[in-house]
Structures are given as C-alpha cells and as structure tokens.
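One structure below.
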Amino acid sequence: MTASADLLADIVSDVDGVFLFSPTGSMYDEYCEAEDAPVVVASENDHDAERYVDLPLEFDNVRDRIRFGIEGAMDQDYCAEGDVIACAVGVFDDPIDGVIRTPVTESIHTGIYDLFANSRADPNVVRDVFDVAIELGKKGQKGKPVGALFVVGDAGKVMNKSRPLSYNPFEKSHVHVGDPIVNVMLKEFSRLDGAFVISDSGKIVSAYRYLEPGAEGVDIPKGLGARHMAGGAITRDTNAIAIVLSESDGLVRAFKGGSLILELDPEEY
Numbered sequence: 403m404t405a406s407a408d409l410l411a412d413i414v415s416d417v418d419g420v421f422l423f424s425p426t427g428s429m430y431d432e433y434c435e436a437e438d439a440p441v442v443v444a445s446e447n448d449h450d451a452e453r454y455v456d457l458p459l460e461f462d463n464v465r466d467r468i469r470f471g472i473e474g475a476m477d478q479d480y481c482a483e484g485d486v487i488a489c490a491v492g493v494f495d496d497p498i499d500g501v502i503r504t505p506v507t508e509s510i511h512t513g514i515y516d517l518f519a520n521s522r523a524d525p526n527v528v529r530d531v532f533d534v535a536i537e538l539g540k541k542g543q544k545g546k547p548v549g550a551l552f553v554v555g556d557a558g559k560v561m562n563k564s565r566p567l568s569y570n571p572f573e574k575s576h577v578h579v580g581d582p583i584v585n586v587m588l589k590e591f592s593r594l595d596g597a598f599v600i601s602d603s604g605k606i607v608s609a610y611r612y613l614e615p616g617a618e619g620v621d622i623p624k625g626l627g628a629r630h631m632a633g634g635a636i637t638r639d640t641n642a643i644a645i646v647l648s649e650s651d652g653l654v655r656a657f658k659g660g661s662l663i664l665e666l667d668p669e670e671y
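Just so you know, we're using my numbering here: the sequence shown kicks off at 403 and counts up by one.
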C-alpha cells in the first residue's frame with residue numbers, strides 16, 4: 403500500500419491548483435477545511451464557491467469537461483499557461499471518483515468556454531439548441547440520419563444576410579427553443595432545407611433560411627460540406643454562433659467568428 407500511496411501522492415504533488423468537478427457539499431467542505439479554496443466547475447454554484455466556472459453542458463467525455471473547466475478558469479484568471487492542475491472528476495457513476503493531473507497549455511484555449519460565456523445569446527439558449535442538435539443526432543428523423551443548421555443570436559443581421567426558401571412557419575409565432583413541444587417541431591422541420599434562425603433570447607425567428615454570405619476567410623476543416631461552410635460564414639459576418647449537425651458523420655459542430663470551435667459526438671452525451 404505504501405507504493406500505491408506514493409504513486410497517488412505524486413499525481414497531486416507540486417500542483418498549482420485543484421479543480422473539483424461537480425463536488426458534493428461534504429466533499430467541498432472537507433477540501434476547503436484542509437486546503438486553499440479550489441476552483442469548482444459545475445452546472446450550479448451550490449456551494450457559493452469563491453472561484454467558480456459554470457458548466458452549461460455535462461460533457462460526458464471527461465477530456466472535454468476538463469478542457470472546458472480549465473479554459474473557463476483561464477478566462478477568469480484562476481490559472482495561467484504553465485500551471486499544473488489536479489482535476490478531481492467523475493469518470494464513472496460517482497460524483498468524483500478520479501484525479502487527473504494536467505498542464506495548462508495554450509492549446510487548451512479553443513474557444514469552447516467563450517462560446518457560452520461571451521456569446522450574445524443567453525447561455526441557456528445555446529445549451530437548449532445543443533440539446534436539440536444532440537438528441538437529433540442520436541435519434542435522427544424516423545430512424546434515418548439528418549443534418550441541421552441552427553444560427554443563434556444577432557437574428558436581425560442574420561435575417562438581412564439570408565433569404566427564405568419557403569414559407570416561414572414561425573413568422574407570426576412567439577415560441578422559444580427549450581419548450582418540449584417546440585423542440586419536437588424543430589426536429590420535424592430539420593429534415594427540410596435551410597437554416598433555423600434563433601434570437602438571443604431563444605425566440606425562433608425563422609426556418610428554411612438560405613444563408614448568403616461568401617465563404618472567403620472561413621476556417622473549416624477539409625471534407626465538411628456546404629452546411630458547415632454556410633454556418634461558418636454567417637458567424638464571420640455577424641455576432642451569431644452556428645450549431646451544425648452533420649448528416650454524413652453525425653457529429654455536432656459549433657462555429658463562432660468564422661472558425662470551428664467545438665465538435666461533439668452525440669452518442670457520448
């Protein structure tokens with residue numbers, strides 16, 4: 403047991419900080435009694451932690467969860483490039499059942515945190531749109547894979563840079579993403595061409611929009627098609643973000659400022 407204890411001690415020795423991912427109340431209190439205040443990364447600040455990073459998605463992929471937490475901490479000056487962090491995180495069913503030692507590098511700063519914290523749209527709206535895209539990616543439409551494009555925020559400018567492909571079923575409605583009935587409607591309409599346009603507050607402004615900005619200067623990986631190019635281009639020319647479900651590979655991708663900043667596999671959520 404001595405060798406095991408020494409090995410585990412090495413993982414947390416000489417670290418510059420400790421991150422607790424969704425800790426229980428007792429775990430947080432016990433840690434604070436023994437050490438300096440940790441950085442808490444969770445969906446709610448239930449413990450009134452002084453240093454807190456909001457986690458708008460559960461990120462079942464532990465690597466994505468840690469990357470998001472560290473990026474949020476970097477943006478709030480809780481840690482800096484070159485630091486070494488011990489991340490106490492849940493890998494299986496327990497709230498926290500593992501400790502991962504990781505350096506803070508500039509490569510971690512991908513823009514994922516910025517997507518939620520510094521977008522025009524309400525973070526809850528961004529999360530709700532992700533939920534729709536992820537569920538649609540898991541189930542498809544009538545058992546078949548589908549693609550979809552959601553443009554979130556800066557809706558007035560997005561509408562000016564697009565044109566209708568068909569009648570807009572949301573033109574005179576006041577429905578918002580996140581409502582279970584509305585989400586069913588979004589999934590049904592997703593099988594048709596065009597983008598959904600959603601306001602900062604979550605109001606569905608339009609469906610069936612053809613996005614018209616040019617593709618010059620858009621940074622997307624090779625192999626992605628017109629839907630991704632359109633999503634990237636509209637975020638370059640507006641303050642919107644684009645969330646794209648790929649019909650070909652089933653992945654959900656997010657664009658901001660003309661660049662791809664997040665890629666998720668729906669089956670991992």
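Where is the CB? At the ideal position from N, CA and C, for every residue including glycine.
- Remark: C-beta atoms of serine 445 and proline 458 approach each other more closely than 9 Å.
- Inclusion of leucine 647 and valine 654 in the CB contact set at 9 Å is warranted, their separation being smaller than that value.
- Pairing proline 615 with leucine 664, the inter-Cα distance amounts to about 21 Å.
- Across the structure, alanine 488 and aspartate 667 are spaced so that their CA atoms are roughly 26 Å apart.
- The way I'd put it, the stretch 601-614 does touch the stretch 525-534; three or more beta-carbon pairs between them come closer than 8 Å.
- Residue environment for arginine 465: exposed (fewer than 16 other C-beta atoms within 10 angstroms of its C-beta).
- Taken atom to atom, the span from the alpha-carbon of asparagine 447 to that of asparagine 562 is near 39 Å.
- The criterion of a C-beta distance shorter than 9 Å is satisfied by alanine 597 and isoleucine 636.
- For the stretch 453-494, the full-length alpha helix (DSSP H) segments reaching 4 residues or more read 464-477 along the chain.
- With 16 or more other Cβ atoms inside 10 Å of its own Cβ, glutamate 473 counts as buried.
- In the three-state DSSP reduction, leucine 653 falls in the coil class, being neither helix nor strand.
- With contacts defined by Cβ atoms closer than 9 Å, isoleucine 645 and valine 554 form a contacting pair.
- The C-beta of phenylalanine 518 has 16 or more other C-beta atoms within 10 Å across all chains shown, which makes the residue buried.
- Valine 599 places its beta carbon 9 Å or farther from that of arginine 503.
- Pairing phenylalanine 423 with alanine 475 gives a Cβ-Cβ distance that is not under 9 Å.
- In the three-state scheme derived from DSSP, where H, G and I count as helix and E and B as strand, aspartate 450 is classed as coil.
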